[in-house]
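Working notes for the structure below.
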Amino acid sequence: MDVLNIHAVNSLEDNKNILKKGGLLDILYRMKEEKVTRFIGFSGHADPLALTDLIEKGNFDCMIVAMNHYPKGLDTSTTRIEQVVPKAKEKNMGAILMKVIRPLDTIEGISLNAENLIRYALSLENIDGITVGMDNMKVLESNLKTLREFTPMNIQEKKEITLALTPFFNHENLPWMNKGYRDGNWT
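If you read the sequence shown in the working numbering, its first letter stands for residue 689, the second for the next number, and so on.
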C-alpha cells in the first residue's frame, strides 16, 4: 500500500484519541515500520487548529485537506490552506487537496469546468497533489489530458476563480463542512 490515512480529523478531541499511547497513530507507525504501507497521513475538512496540532505532534508523511475553505466560525482572514499547509511544509509533509471539483456539484450557475478547477488547485502554492473522483473513462481521460497539458494559472486567473468560488469557500450548501459529518475513517 502506498498511503494509509486517518480520515476526517475534525477536532482536538479526535487528536487525543489518535495520539494516545497504543492508539491509532502507534498502529500506523507500526504498519509503516513493517512495510505494510510506505507512507502515513491524515485528512481533515474542519478545524485547522486540530490539523496543525496533529502536524506538530505526529510524524506524518502527508495530509489531505479540503480545498481552500474558510474555517467555519473561525478566523476567515486566511483560508484553511493558508493556515495548515505551511505547517505541513515545515515538517516536510506532502500537501494534497480534496474536494477540488466539488464546486461543480454544489454551486448553482458556476461558470467553471473541471479543467479550470484542477488547474486552479494545482496552481496554489505548496500543493503537491490533488484527489479527483471519477465515475467513468471519459472523465478519467479528460483529467489525464488536463494533467498532461497542465500549465499553472497566472495571478489574474487565480483571482477570477477565487471570486467565482466564494460561495464554496464560505460553506454555502456543503454537507461535509457541517459539524459531525463523517464519510469514513480509513482511506
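The beta carbon of each residue, even a glycine, is placed where N, CA and C say it ideally should be.
- By the Cβ test, the region 825 to 832 is not in contact with the region 733 to 750, since fewer than three Cβ pairs between them sit closer than 8 Å.
- The shortest C-alpha to C-alpha distance from M841 to any of L810, I694 and L851 is the one to L810.
- By the neighbour-count definition (other C-beta atoms within 10 Å, threshold 16), N747 is an exposed residue.
- Counted as a single uninterrupted DSSP element, the stretch harbouring M719 is not any beta strand (DSSP E) but the alpha helix (DSSP H) occupying residues L712 to E721.
- In this structure N814 is exposed. Its beta-carbon is surrounded by fewer than 16 other beta-carbon atoms within 10 angstroms.
- By the Cβ neighbour-count rule, L832 is exposed, with fewer than 16 other Cβ atoms within 10 Å of its own.
- Of the candidates C750, I694, L713 and E845, the residue whose Cα lies closest to the Cα of A776 is C750.
- One thing to note: A754 has its Cβ within 9 Å of the Cβ of M786.
- Within 10 angstroms of the beta-carbon of R807 lie 16 or more other beta-carbons, which makes it buried.
- In the structure shown, N693 adopts extended strand secondary structure according to DSSP, grouped into three states.
- Under the DSSP assignment, L739 falls in the alpha helix (DSSP H) whose first and last residues are P736 to K745.
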